[in-house]
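Trainee:
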Amino acid sequence: MVLLAKKHVALYVSGGIAAYKAAYLVRELIRHGAEVRVVETAGAQEFITPLTFQALSKHAVYTDRFAQLAPDEVAHIELADWTEIALVAPATADLIAKVANGIADDFASTALLATTAPKFVAPAMNVHMWENPATQRNINTLKADGLHIIEPATGFLAEGYSGKGRFPEPEEIVATVNDQLIAADTSLPLHGQSVLVTAGGTRERLDPVRYLTNNSSGKMGYALATAARKLGAKVTLISAPTALPQPAGVAYVAVDSAATMRTALLARYADAQMVIMAAAVADFRSPTVAANKIKKTATDYQLTLTKNPDILAELGQQKHHQFLIGFAAETQNLLTYAQQKLTSKHADMIVANDVSSPQVGFDHDTNAVTILQSNQAPQQLPLASKEVIAQQILQVALATRKLQA
Ligand SMILES: Cc1cc2nc3c(=O)[nH]c(=O)nc-3n(C[C@H](O)[C@H](O)[C@H](O)COP(=O)(O)O)c2cc1C
């Protein structure tokens, strides 16, 4: 997998208030295994000294076009040729304008003009500077020229008010760069393929403040979405409410009830190559949702439930090219129920987990599953983190799909 490990990253730091955060960015890049060299503009050196970046990157910092340290090479060309990824972070409005117009009047702009490697630009500035039509025109030019823009975040600015223009967190910048490397890697087994993943426990509303749900945390589905993305897939995560952060590089569709999850799935099913139904979808819902909070009664309150549509069965019936993976969470007769599910739902694979076992299933960080596929012996994946289980499930699915092809 082509990721940041061992990659030559040239980090260009320009003169914004966020320049100090670039020091954390160097550390984050190195933590991911990248080899980092830093360029500072004259503006950047007003905010943070080259000594800091030299100590962190273990390499002299490039600052001056005409200070040629090695007599047998031209420094900005040597750096440009060495670079596998150029990252301008933080990028000032000024440096963005220079790059958009091909100006080369200092070390940073000259080396960037000479660099053919993929370029990432993380702008950070005052919201009015960001929204200025000149800046927006320059950003559009950079996009048209094939540079990747890492959008500034919205939040509290150094000026003391909120707006768009904040420098994203170093972890976010590294995740965006990594994700772009994944998207561009045609050797990955799921490159360019659409994978739908459902996650979380659906919420079936009773009234404006109450709903029926289950113990699903969404961790297994989110781990599967991340694992599929790392294999190059274009992943859409259709998620019931969870407490988890959205995985990087994954399109996210927020749903709540089984009905909204069904609609989101059916709208995308025809274009999907693989569908992984890891959500815990409610079997029942209330036939009506009270407009106002249901009042306390003097006697018992009777709740009538109606059956939800069986989404997995519906997808199984409509299946043509899709590889369909369902989950079976049971507390008894696990393999019998899972085997029935595999056949009756026309799924290609059922991942069965005994949610009554310790450290398995709902809300745990670990899982242990048995994979059932038609005409194949059950495969057991012993207790491991949900990340590892997710990778193993996808490996099994890819192997089976290869056999079917
Ligand atoms: C205190 C201070 C903070 C600044 N912060 C920013 C900023 O966050 N973003 C930006 O684009 N410019 C900022 N500027 C303006 C740039 O420093 C100025 O445009 C400079 O010429 C940029 O040079 P460079 O692009 O070569 O680094 C700031 C200036 C000062 C004095």
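Numbering (UniProt numbering), first residue to last: 1 to 405. Virtual Cβ for every residue (Gly too), placed ideally from N, Cα, C.
1. Entirely within the region 131 to 179 and at least 4 residues each: give me those alpha helix (DSSP H) ranges in chain order.
2. Measure the C-alpha to C-alpha separation of L29 and A259 and round it to an integer number of angstroms.
3. For G200, count neighbouring Cβ atoms within 10 angstroms of its own Cβ and tell me buried if that reaches 16, exposed if not.
4. Measure the beta-carbon distance from V197 to A228 and round it to whole angstroms, keeping in mind my assumption that it falls under 8 Å.
5. Go ahead and pull the three-state DSSP assignment for Q379.
6. Would A80 and Y12 be called neighbours here (beta carbons separated by less than 8 Å)?
7. Kindly provide the chain-ordered list of residues whose Cβ lies closer than 5 Å to any non-hydrogen atom of ligand 1.
8. Please return the same chain residues whose Cβ sits closer than 6 Å to the Cβ of P378, not counting the five positions on each side in sequence.
9. Could you have a look at D268 and say whether DSSP puts it in helix, strand or coil?
10. Alpha helix (DSSP H) containing K402: first to last residue?
11. With respect to the alpha helix (DSSP H) encompassing S194, which residues constitute its N-terminal and C-terminal limits?
12. Report all residues from its chain with a CB closer than 6 Å to the CB of A225; omit the five preceding and five following residues, and keep chain order.
13. With C-beta atoms as the reference, is N367 less than 8 Å away from M129?
14. Please identify the residue among I389, S356, A390, A397 whose C-alpha is closest to the C-alpha of residue 483.
15. Let me know the beta strand (DSSP E) ranges lying completely inside the region 55 to 119, each 3 residues or longer, listed in chain order.
16. Touching or not, the region 201 to 219 and the region 170 to 190, by the rule of three or more beta carbon pairs under 8 Å?
17. Please list, in chain order, all residues of the same chain as Q359 whose beta carbon is under 7 Å from its beta carbon, the five residues on each side excluded.
18. Count Cβ pairs between the region 293 to 309 and the region 271 to 280 that sit closer than 8 Å; are there 3 or more?
19. Apart from the five residues on each side of it in sequence, which residues of its chain come closer than 7 Å, Cβ to Cβ, to A18?
20. Compare the C-alpha of T304 against each of V38, R262, L212, D64 and name the closest.
21. What alpha helix (DSSP H) runs, 4 residues minimum, are completely inside the region 206 to 285?
22. Hey, how far is the Cα of F120 from the Cα of A55?
Mentor: By the coordinates alone:
1. 133 to 144
2. 43 Å
3. buried
4. 7 Å
5. strand
6. no
7. Cβ atoms closer than 5 Å to ligand 1 belong to S14, G15, G16, I17, T41, G43, T92, A93, D94, L95, M125.
8. T370, L372
9. As written in the sequence, residue 268 is Arg, which differs from the Asp given in the question. The answer is helix: DSSP assigns R268 an H, G or I state.
10. 386 to 404
11. Careful: S194 lies outside any alpha helix (DSSP H), inside the beta strand (DSSP E) at 194 to 199.
12. V197, V235, L237, P247, V250
13. no
14. The structure shown does not extend to residue 483, since the chain spans only 1 to 405, so no value can be given for it.
15. Taking only runs of at least 3 residues, the beta strand (DSSP E) segments lying wholly in the region 55 to 119 are 85 to 91.
16. no
17. T366, L383
18. no
19. P90, A124, F167.
20. L212
21. 219 to 230, 258 to 269
22. Looking at the two C-alpha atoms, the distance is approximately 24 Å.
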